[in-house]
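Here the structure comes first, spelled out in structure tokens, and everything after it is commentary.
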Amino acid sequence: MFEKKFNEELFSMIGKKVKVVAESGEESGTFLAADSNLNIILEIKLEGGVKKIVYSSKEVRKIILLEEPFDLKALADRLNKVFPGLVKLREDIEAIIIMDKIKVTKTGVVEGSGPSADKVKQVYESYLQELATKK
């Protein structure tokens, strides 16, 4: 049970900006991949291109998330103002369900179509723009 939750948390960091503290020092970049042994790959953007570093699990001391996690609850609260009583936050599947037919995740509207889905997309995009201006 705890191992499953650990893996979920670790893999939720993939694609995000992290700092890796290893025996050899610290590097910040995008967390690209991890395997079941906790070996990881970090991508660092340089002026002349990209550097990828593969870390053995034995040398990694810490992985620090540098980005704020996506707040589905705040988005659900906002959607509930537009669709009162029709919004369900499903933390178990990391999704918001509107009117039992529109599904929204941190990546956007993934199920549903029509005027209601279009309105959900507008609320989602507005929420993303507000997050971007806060940074």
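The opening residue of the sequence shown carries number 322 in this note's numbering; numbering runs sequentially from there.
Yeah, the Cβ is synthetic: ideal placement off N, Cα and C, and Gly gets one too.
Residue 354 is not a Cβ neighbour of residue 381, given a cutoff of 8 angstroms. The C-beta separation of residue 333 from residue 358 comes to about 18 angstroms, leaving the pair out of contact by the 8 angstroms criterion. Inside the stretch 377-413, DSSP marks whole beta strand (DSSP E) runs of 3 or more residues at positions 381-386 and 408-411, from first to last along the chain. In the three-state reduction of the DSSP assignment, residue 330 falls in the helix class, which pools H, G and I. Non-local C-beta neighbours of residue 400 in its own chain, meaning closer than 7 angstroms and more than five positions away in sequence, comprise 408, 417, 419, 441 and 444, ordered along the chain.
In the structure shown, residue 324 adopts helical secondary structure according to DSSP, grouped into three states. About 10 angstroms separates the CB atoms of residue 362 and residue 341; that is not less than 8 angstroms, and the two are not in contact.
Its chain contains 334, 337 and 339 as the residues whose beta carbon lies nearer than 7 angstroms to that of residue 386, once the 5 sequence neighbours on both sides are disregarded; these appear in chain order. For residue 427, the closest of 370, 404, 395 and 345 by C-alpha to C-alpha distance is 395.
Counting C-beta atoms within 10 angstroms of its own C-beta, residue 352 has 16 or more neighbours from the protein chains shown and is therefore classed as buried.
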